[in-house]
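>
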Amino acid sequence: MALSRKLLSLLIASLGVLGLGVLGLGVLDLGLGLTLAGTPARAAQFYTEDLRIPMAEAGPQGLEAFLVRPAGTKRYPLALLSHGSPRSFEDRATMSAHKYYGIALEYARRGFAALIVMRRGYGTSPGGRVDSVGGCTNAAYLPAAAVAVADLRATIDAMARRTDVTTSGMIAAGHSAGGLATVALTAQAPSGLVAAISFAGGRGSRDDDDVCNPDGLVQAFATFGKTSRVPMLWVYATNDLYFGPDLARRFYDGFRSGGGNAKFIAAPAYGDDGHYLYSVVARPQWTPYIDAFLRERGLGHDALSAPDPLPPPDHFNDAAKAEFARYLASTMPHKAFAVSPNGGYGWRSGRNTVDDAQRDSLAACMKWSPTCTLYAVDDQLASGSAQGTATDQVSRAR
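With the UniProt record's numbering applied, the sequence shown corresponds to residues 1 to 398, in that order.
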């Protein structure tokens, strides 16, 4: 009986709770007429899980979240990651925790249980405009930040109850509005928070170099600085079009004037808009900053290697191999790649669940071939034999 990918993940998570590591499973008889095929060490290097964080204010759905951590049986310190806020309210619904997988993986490689949580009103987390700053002229940043902090604290409480995560020695990191939320969290620091990082922290940018009530935003940072004592790293690129160099310095000076503990880095210009320095493609530029900061605090770990690239199917021609390389380069879980015996293929990424990715990739493959099989799911070779069939003969993939 073939296990679905989703069920397999749940079973492996349960084994972790029981103290059985993902590495070295071999073939495990579950006593249910089912077996788990052994997973190569490469594939088991990192564990991922989709979560819903319970929070009364978020209703029965809770908050959308995505966990990435090293595979193993120990408890890994939490790295709580916070996202930004798009200028257009309508864009919030298109956001997804999965889109931050590449960022989260960098923290997981450094020994953390990296969790990206979608605050209320973003992605599939209910909440509407609960964190609104109000009208632009008198934008109120403190109440909005309080909403974000409540979401982050609920997340910390939930993660503290897990057997594979510890909030002792945890860190927090955020980008843009998530950076502001992270700064605000340090002002009411939960027990166990030992360091925090803000990339391009701020809120209220409605256009390039146009921020609502900038004086009020500076004052908000000053207010946080009065009670924040957690060591922080602040990084702003010199060509940030959301929060330019002069305004970023005002944020920092206000925070420090109240007693806040932060190191400021004016990073070199990045691309057309340095606000997006904290991105997957720019990892070589920003990861040295966090490595140095963590080492200074005795939190540094030699980074684990990223997962080895999967080999392409043996029967693929050069064009098909190039397409498989594109699949591997995609950092948008969940994803899957399906193949057919006659050289056809299809893949999809950025799906909400593993099952969705499997279904959609099989459907894409079946446009070219009547019979398709899953070859890869996320960053692992498919362990099952899920197939799709079509009644009409279709052309081979070109």
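A virtual CB, placed ideally from N, CA and C, is assigned to each residue, including glycine.
#1: In the region 186-259, which residue ranges form an unbroken alpha helix (DSSP H) of at least 4 residues, counting only runs that do not cross its ends?
#2: In chain order, which continuous runs of the alpha helix (DSSP H) of length 4 or greater are located wholly inside the region 361-386?
#3: I'd like to confirm the pairing. Which residues does DSSP put opposite S82 in its beta bridges?
#4: Would you grab the beta carbon distance between A181 and A148 for me? Rounded to a whole angstrom, and I think it's under 8 Å.
#5: So Y107 is in the alpha helix (DSSP H); what residue range does that whole segment cover?
#6: Give the range of the alpha helix (DSSP H) segment to which E296 is assigned.
#7: Using a Cβ-Cβ cutoff of less than 7 Å, which residues in the same chain neighbour V218 once the five nearest sequence positions on both sides are dropped?
#8: Could you check which residue in L80, A140, Y375 has the C-alpha nearest to that of E106?
#9: If I measure Cβ to Cβ from G350 and keep anything under 6 Å in the same chain, skipping five residues before and after, which residues do I get?
#10: Taking only three categories from DSSP, how would you classify G179?
#11: Could you check how far apart the C-beta atoms of L63 and M118 are, in whole angstroms? I think they sit under 8 Å.
#12: In this structure, does DSSP put D50 in helix, strand or coil?
#13: Applying the criterion that 16 or more other CB atoms from any shown protein chain within 10 Å of the CB defines a buried residue, is L213 buried or exposed?
#14: Have a look at R297, G111, T371, G128 and flag the residue whose alpha-carbon is nearest the alpha-carbon of A93.
#15: Expressed to the nearest angstrom, what Euclidean distance is found between the alpha-carbon atoms of residue 486 and K367?
#16: Do the region 200-211 and the region 169-188 touch if we need at least three Cβ pairs shorter than 8 Å?
#17: In whole angstroms, what separates the C-alpha of residue 402 from that of T353?
#18: Give the single residue among H98, P60, H83 whose Cα lies nearest to the Cα of D50.
#19: In this structure, how does DSSP classify residue 399 when only helix, strand and coil are distinguished?
#20: How would you write the range of the alpha helix (DSSP H) that R153 sits in, first residue to last?
#21: Helix, strand or coil, according to DSSP, for T137 in the structure here?
#22: Determine the DSSP secondary structure at A338, reduced to helix, strand or coil.
#23: What is the DSSP secondary structure of F66, reduced to helix, strand or coil?
#24: Can at least three beta-carbon pairs, one atom from the region 293-301 and one from the region 316-330, be found at a separation below 8 Å?
#25: Is the closest heavy atom of the ligand FMN to the C-beta of Y327 under 8 Å?
#26: Straight-line CA distance for P268 to P288?
#27: On the DSSP letters alone, give me the boundaries of the alpha helix (DSSP H) that T327 sits inside.
#28: Using a Cβ-Cβ cut-off of 6 Å (strictly less than) and excluding sequence neighbours within five positions of G102, which residues of its own chain qualify?
#29: Buried or exposed, going by whether 16 or more other CB atoms sit within 10 Å of the CB of D59?
#30: Under DSSP, the beta strand (DSSP E) around Y345 begins and ends at which residues?
Reading from the atomic positions:
#1: The region 186-259 contains, as complete alpha helix (DSSP H) runs of 4+ residues, the segments 214-225, 245-257 (chain order).
#2: With a minimum length of 4 residues, no continuous alpha helix (DSSP H) run stays inside the region 361-386.
#3: Looking at the DSSP assignment, S82 forms a beta bridge with V117, G174.
#4: Indeed they touch by this definition, with Cβ atoms about 4 Å apart.
#5: Annotation for Y107: the continuous alpha helix (DSSP H) segment containing it runs 101-109.
#6: For E296, the enclosing alpha helix (DSSP H) has its first and last residue at 283-296.
#7: Hits under 7 Å: R250, F251, G254.
#8: Comparing Cα-Cα distances from E106 to each of L80, A140, Y375, the minimum goes to L80.
#9: Excluding sequence neighbours, G350 sits near M332.
#10: DSSP places G179 in helix when its eight states are reduced to three.
#11: Distance from L63 to M118 at the Cβ level is roughly 6 Å; contact confirmed, criterion being Cβ atoms closer than 8 Å.
#12: In this structure, D50 counts as strand in the three-state DSSP scheme.
#13: Before going further, note that residue 213 is Asn rather than Leu in the sequence given. By the neighbour-count rule (16 or more Cβ atoms within 10 Å), N213 is buried.
#14: When each option's Cα is compared against that of A93, the closest is G128.
#15: For the chain, the structure presents residues 1 to 398; residue 486 sits outside this window and is missing.
#16: Yes: at least three Cβ pairs fall under 8 Å.
#17: Outside the displayed span of the chain (1 to 398) sits residue 402, for which this structure offers no information.
#18: For D50, the closest of H98, P60, H83 by C-alpha to C-alpha distance is H98.
#19: This structure cannot speak to residue 399, because the chain is shown only from 1 to 398.
#20: First-last of the alpha helix (DSSP H) with R153: 141-160.
#21: In the structure shown, T137 sits in coil (DSSP, three-state: anything other than H, G, I, E or B).
#22: Three-state result, A338: strand.
#23: Three-state DSSP puts F66 in a strand.
#24: Verdict: no, contact absent.
#25: Absent from the structure shown: the ligand FMN. Ligands present: none.
#26: Roughly 13 Å between the two C-alpha positions.
#27: At residue 327 the sequence reads Tyr, which differs from the Thr that was named. Its alpha helix (DSSP H) spans residues 318-329.
#28: So the list reads V280, T331, once near-sequence residues are dropped.
#29: The question names Asp, but residue 59 in the sequence shown is Gly. With fewer than 16 other beta carbons inside 10 angstroms of its own, G59 counts as exposed.
#30: First-last of the beta strand (DSSP E) with Y345: 345-348.
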